[in-house]
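Enquirer: Residue 137 in full-length UniProt numbering sits at position 137 of the sequence shown, and the numbers go up by one each step.
Glycine included, C-beta positions come from ideal geometry on N, C-alpha and C.
On a predicted model such as this, the values are computed, not experimentally measured, just so you know.
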Amino acid sequence: MGPTERAQCPCKKVPIRFSSFTSAEFGDLHSLSRIGPKVVDQLDAGGYTPLHLAAQNNQATATAYLLSLGADVDGRIRTDSRTVTAASQRQCGATPLHRAAYSGAVSCMRILLEWTDPNSGRRCDVLAKDTSFGDGMTPLHKAASGGRFLGVQLLLDALKKRSFLHLGLGALDVQGRTPLEVAREMGLKQEEEKSSVR
């Protein structure tokens, strides 16, 4: 096969297109821009929106882009009355901030915390409790449980700025633990692991 035949191969004419979820997860703005605003309310099989995946994987540009398209900063979907029941049953109980906090995606955490919806003025819920795993953790709990020091600091600053610091520090998960107690437990587990290796 010569160079002319290769250049005319049909596979060269097939555009590569990713789903909105894959595009968000890998920060593929080119694919996201072709899909457009219709993607922001889609749910994957796990109940995540593209914003959840972009934030969790620290895809800052994709996170900001999805927010600019109208994605709900807390990952809630807008549906009409016919689909609200099915969608709410599939929807994840974590916010994009929960996912970013647990994975230590500080750039995306900052974007989510600073975002203000231009239409409603609504901001992300820094005290939201994660219902997806039944742990009832706030984003601060999640950052502490993941050992994410920078994430914890960023959340403490945001809570203080919004005058919610006392609420954030006093929030209890389903086991009755504050974020500080979760952080202490993580520290103890890390020490146990270190001593078991010696």
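Quick one: using the 10 Å Cβ neighbour count with 16 as the cut-off for buried, is leucine 67 buried or exposed?
Expert: Here residue 67 corresponds to residue number 67 of the sequence shown, with the count starting at 1. Buried, by the Cβ-count rule.
Enquirer: Per DSSP, arginine 184 is paired with what?
Expert: Here residue 184 refers to the residue found at position 184 when the sequence shown is read from its first residue. DSSP, once it has assigned bridges, lists no residue as partnering arginine 184.
Enquirer: Under the DSSP definition of a beta bridge, which residues are partnered with threonine 138?
Expert: On the sequence shown, position 138 is the one that residue 138 refers to. Within the DSSP secondary-structure output, threonine 138 pairs in no beta bridge.
Enquirer: Out of curiosity, what's the CA-to-CA distance linking aspartate 74 and proline 96?
Expert: Position 74 of the sequence shown holds residue 74. Position 96 of the sequence shown holds residue 96. Approximately 6 angstroms, taken between the alpha carbons.
Enquirer: Measuring straight from C-alpha to C-alpha, what distance separates valine 106 and serine 196?
Expert: Looking up residue 106 in the sequence shown gives position 106. Looking up residue 196 in the sequence shown gives position 196. Rounded to whole angstroms, valine 106 to serine 196 spans 31 angstroms at the Cα level.
Enquirer: Could you tell me the distance, in whole angstroms, from the CA atom of glutamate 193 to the CA atom of glycine 146?
Expert: As a working note, residue 193 is residue 193 in the sequence shown. As a working note, residue 146 is residue 146 in the sequence shown. Computed Cα separation, rounded: 15 angstroms.
Enquirer: With 16 as the cutoff for other CB atoms within 10 Å, does glutamine 56 come out buried or exposed?
Expert: Residue 56 sits at position 56 when you count from the first residue of the sequence shown. Under this definition glutamine 56 is a buried residue.
Enquirer: Hey, could you find the ends of the alpha helix (DSSP H) isoleucine 111 is sitting in?
Expert: For the purposes of this step, residue 111 is taken as the residue at position 111 of the sequence shown. Note, isoleucine 111: alpha helix (DSSP H), 106-114.
Enquirer: Quick check on the burial criterion: 16 or more other C-beta atoms within 10 angstroms. Buried or exposed for valine 84?
Expert: Counted from its first residue, the sequence shown places residue 84 at position 84. With a pLDDT of 44 at valine 84, under the threshold of 50, the modelled position of this residue cannot be trusted; read the value that follows with caution. Taking all protein chains in view, the Cβ of valine 84 is surrounded by fewer than 16 other Cβ atoms within 10 Å, so the residue is classified as exposed.
Enquirer: Could you tell me the distance, in whole angstroms, from the CA atom of residue 269 to the CA atom of glutamate 25?
Expert: The question about residue 269 has no answer, for the chain in this structure spans 1 to 198.
Enquirer: Check arginine 123 in the structure and name its three-state DSSP category.
Expert: Start at 1 with the first residue of the sequence shown, and residue 123 comes out as number 123. Residue state, collapsed to three classes: strand.
Enquirer: Would you tell me roughly how many angstroms separate the C-alpha atoms of aspartate 72 and glutamate 181, rounded to the nearest one?
Expert: Against the sequence shown, residue 72 aligns to sequence position 72. Against the sequence shown, residue 181 aligns to sequence position 181. Approximately 31 angstroms between the Cα atoms of the pair.
Enquirer: Taking the C-alpha atoms as reference points, what is the distance between glutamate 185 and leucine 32?
Expert: Indexing the sequence shown from 1 puts residue 185 at position 185. Indexing the sequence shown from 1 puts residue 32 at position 32. Distance between the alpha carbons of glutamate 185 and leucine 32: 40 angstroms.
Enquirer: Excluding sequence positions up to five away, which residues of its chain have a Cβ less than 7 angstroms from the Cβ of glycine 93?
Expert: Within the sequence shown, residue 93 is the residue found at index 93, counting from 1. Contacts found: Asp130, Thr131 and Ser132.
Enquirer: Tell me the DSSP secondary structure of phenylalanine 149 in three-state form.
Expert: Taking the sequence shown and counting its residues from 1, one reaches residue 149 at position 149. Phenylalanine 149: helix per DSSP, three-state reduction.
Enquirer: Determine, using beta-carbon pairs with one atom in the stretch 109-116 and one in the stretch 163-171, whether at least three such pairs fall under 8 angstroms.
Expert: Contact fails: fewer than three Cβ-Cβ distances are below 8 angstroms.
Enquirer: Starting from the Cα of glycine 70, find the closest Cα among Leu172, Ser120, Asp157 and Ser103 and give me that residue.
Expert: Residue numbering aside, residue 70 sits at position 70 when the sequence shown is read from its first letter. Taking only the C-alpha atoms, the option nearest glycine 70 is Ser120.
Enquirer: Take the Cβ of arginine 177 as the centre, count every other Cβ of all protein chains shown within 10 Å, and call the residue buried at 16 or more, exposed below.
Expert: Within the sequence shown, residue 177 is the residue found at index 177, counting from 1. With 16 or more Cβ atoms within 10 Å of its Cβ, arginine 177 is classed as buried.
Enquirer: Drop a sphere of 10 angstroms on the beta-carbon of residue 199, count the other beta-carbons inside from all chains shown, and report buried for 16 or more, exposed for fewer.
Expert: In this structure the chain extends from 1 to 198, so residue 199 is not present and cannot be described.
Enquirer: Who are the near neighbours of tyrosine 65 in its chain, counting only those whose CB is closer than 7 angstroms to its CB and skipping five residues on each side?
Expert: Along the sequence shown, read from residue 1 onward, the residue named residue 65 stands at position 65. Once the five neighbours on either side are set aside, the close Cβ partners of tyrosine 65 are Leu29 and Leu32.
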